[in-house]
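Residue numbers (the working numbering), protein chains in the order written: chain G, 4 to 317; chain H, 4 to 317. Cβ atoms here follow ideal geometry from the backbone N, Cα and C, with glycine treated the same way. It should be emphasised that the depicted structure is a prediction, and the values quoted were computed from it without experimental measurement.
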């Protein structure tokens with residue numbers, strides 16, 4: 004049994020083709036080659052915290068994986084990371100613990116950002132003119148960073164509630180070569196950006212459609228519970244293509260869950276990201292289309308990134 | 004963050020008053036002072052394995068606990084332990100990982116046996132004349148061992164399917180001072196024993212009532228899933244008192260779940276072990292009564308044993 008530290012994980016990550024690994028996970032999931040039970044969820048009140056347990060296995064793999072990831076929003080005020088957690092790999096043959104990956108939640112953050120990049124790869128318009136980012140936290144940084152290899156666009160409009168956080172974001176992401184404009188008013192995002200990533204823990208819509216949408220893609224990353232919501236359901240109603248990372252999960256949590264309840268979308272019209280990656284369903288078919296990917300985070304992402312890290316460490 | 008090994012855990016266990024700790028957990032649970040989400044379950048087919056994730060917290064504690072316990076029955080043939088797993092303690096304040104308890108499933112085995120002893124303490128007839136044990140594995144050993152402090156009875160009838168396993172059981176438990184008789188025919192157990200503990204992974208009833216039951220207590224430990232069953236539901240129908248470790252869990256899994264479906268018991272008549280311990284519900288009120296405790300295993304047991312181990316290690 005191996006205990007793998009954060010620094011060991013950080014050291015091998017650059018060697019891994021994360022896009023390929025996570026894409027393979029989504030394909031296995033959509034083809035029914037994995038076992039992924041419902042997400043475990045533990046909520047704390049004082050201070051507010053939420054813990055997600057995602058777990059399962061890909062048939063025929065060496066390991067099953069149990070991943071714990073927490074979000075404690077008030078940690079930011081204390082100068083502590085808001086994300087935390089670890090991943091565990093066990094033998095599918097015997098149940099023996101094979102490895103503890105002490106990633107402190109970082110692998111969850113990264114596999115989430117990689118999934119955003121995969122959604123953009125298959126769904127964004129071929130020419131991205133401006134990237135819109137909702138939120139200015141860790142995931143808002145990682146999502147943008149992981150888009151760098153997919154587009155030459157460096158023009159970014161970032162929305163947040165707090166100017167000082169937006170200023171820090173501008174400084175950090177500017178260093179990577181992005182030209183960042185900031186706003187505390189979300190109303191211009193849908194009109195000026197054609198690739199938008201939403202990364203906030205909002206419980207009320209922060210993006211609302213003001214009229215006819217055209218030629219854009221939205222990746223919704225922030226809502227991963229039944230109560231969180233970043234998008235007005237009208238946006239989903241206007242989308243030509245609504246994509247779920249997992250239909251089973253998205254009917255229970257996230258933007259699609261809300262839109263289904265509001266009857267803004269119908270379940271038979273939703274396709275899975277893994278189907279598009281595999282070529283089993285069509286992605287974007289024209290530049291004018293409005294596409295939306297709702298990413299609630301699926302255990303196959305955790306399984307794949309844990310497996311890749313274990314493989315790279317050897 | 005601490006990594007605690009099996010040998011460190013084994014070293015401090017004798018210092019801990021496990022009965023008191025687990026009793027306090029059941030009381031906190033039944034009084035609504037804990038948060039315990041539904042059990043997470045992962046099933047494997049080849050080889051057959053089942054993994055349970057039990058997790059939650061007691062309000063006001065330092066930590067929340069996530070416990071993983073697996074059972075891989077075919078491991079026995081390979082000379083490997085059938086139980087495995089670990090426990091994780093995280094800060095309720097920040098989500099930070101506080102400790103990894105590498106117990107290899109042993110703390111789950113022990114807290115299960117302690118719960119059996121607690122059930123016997125509150126529910127068994129005051130004079131135990133003969134103990135009946137169904138099964139001859141780890142839990143069949145631990146349950147009997149944990150009854151030693153509660154009764155002077157050393158007369159035991161153990162049932163199992165395989166004589167060689169029964170012989171090993173006789174040898175092992177004989178060394179502790181028990182006088183063990185073995186049988187591969189379960190029909191005499193209910194007539195000759197007045198404290199019975201069932202510890203098998205049976206999916207069909209192995210104990211059947213052949214007539215009027217009188218003056219005995221049964222603790223059913225083996226069934227912790229919707230499909231496992233050790234007791235004919237008629238036994239529950241004849242019981243004067245049916246006790247659940249967790250009513251919420253027992254309506255979904257275990258013997259009570261089966262008996263509810265067969266309408267052999269009615270939910271309003273079921274009481275929780277924590278209510279009896281707290282004195283909020285009556286336990287056994289006469290020697291003639293037939294009582295039954297269905298123990299599916301509740302996260303508060305894991306929380307309490309993890310907390311006690313961490314406290315003892317200091």
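Considering only their Cβ atoms, is the gap separating residue j from residue i smaller than 8 Å?
i	j	result
residue 238(G)	residue 221(G)	yes
residue 400(G)	residue 299(G)	No statement about residue 400(G) is possible, as the shown extent of chain G runs from 4 to 317 and does not include it.
residue 6(H)	residue 103(H)	yes
residue 116(H)	residue 145(H)	yes
residue 219(G)	residue 196(G)	yes
residue 232(G)	residue 258(G)	yes
residue 37(G)	residue 62(G)	yes
residue 43(H)	residue 75(H)	no
residue 192(H)	residue 119(H)	no
residue 180(H)	residue 157(H)	yes
residue 105(H)	residue 89(H)	yes
residue 154(H)	residue 183(H)	no
residue 169(G)	residue 161(G)	yes
residue 39(H)	residue 312(H)	no
residue 260(G)	residue 254(G)	yes
residue 13(G)	residue 310(G)	no
residue 185(H)	residue 203(H)	no
Pick out whichever of the options has its Cα sitting closest to the Cα of residue i.
i	options	result
residue 35(H)	278(H), 43(H), 96(H), 125(H)	278(H)
residue 45(G)	47(H), 31(H), 64(H), 60(H)	60(H)
residue 270(H)	101(H), 285(H), 247(H)	247(H)
residue 29(H)	214(H), 203(H), 305(H), 261(H)	305(H)
residue 32(H)	275(H), 178(H), 158(H)	275(H)
residue 273(H)	252(H), 97(H), 164(H)	252(H)
residue 227(G)	4(G), 266(G), 301(G)	301(G)
residue 138(H)	315(H), 288(H), 15(H), 159(H)	159(H)
residue 95(G)	101(H), 133(H), 48(H)	48(H)
residue 224(H)	242(H), 201(H), 212(H), 234(H)	201(H)
residue 167(G)	235(G), 148(G), 187(G), 178(G)	187(G)
residue 152(G)	123(G), 82(G), 296(G)	123(G)
Counting only beta-carbon separations shorter than 8 Å, does residue i have a partner in chain G?
i	result
residue 96(H)	yes
residue 56(H)	yes
residue 103(H)	yes
residue 358(H)	With chain H covering 4 to 317 only, the question about residue 358(H) has no answer from this structure.
residue 233(H)	no
residue 210(H)	no
residue 6(H)	yes
residue 100(H)	yes
residue 119(H)	no
residue 35(H)	no
residue 44(H)	yes
residue 93(H)	yes
residue 110(H)	no
residue 126(H)	no
At the 8 Å Cβ level, is residue i part of the contact set with chain H, yes or no?
i	result
residue 40(G)	yes
residue 293(G)	no
residue 312(G)	no
residue 73(G)	yes
residue 69(G)	yes
residue 255(G)	no
residue 59(G)	yes
residue 298(G)	no
residue 272(G)	no
Using a Cβ-Cβ cut-off of 7 Å (strictly less than) and excluding sequence neighbours within five positions of residue i, which residues of its own chain qualify?
i	result
residue 26(H)	121, 280
residue 41(G)	none
residue 206(G)	230, 231, 232
residue 24(G)	307, 308, 311
Among the residues of its own chain, which have a CB less than 6 Å from the CB of residue i, if the five just before and after it don't count?
i	result
residue 308(G)	110, 114
residue 21(H)	117
residue 54(G)	45, 73
residue 128(H)	197, 218, 290
residue 57(G)	42, 70, 302, 305
residue 294(G)	126, 220, 244, 287
residue 216(G)	241, 293
For residue i, which residues of its own chain have a beta-carbon under 8 Å away from its beta-carbon, when the five flanking residues on both sides are left out?
i	result
residue 84(H)	78, 107, 108, 141
residue 175(H)	144
residue 86(G)	72, 73, 74, 107, 108, 109, 111, 112, 141
Any idea which residues DSSP pairs residue i with across the strands?
i	result
residue 66(G)	94(G)
residue 277(G)	Beta-bridge pairing links residue 277(G) to no other residue.
residue 55(G)	44(G), 72(G)
residue 131(H)	Residue 131(H) pairs with nothing; no bridge assigned.
Closer than 7 Å to a non-hydrogen atom of the ligand SAM - does that hold for the CB of residue i?
i	result
residue 183(H)	As presented, the structure is devoid of all ligands, the ligand SAM included, so that no description of it is given.
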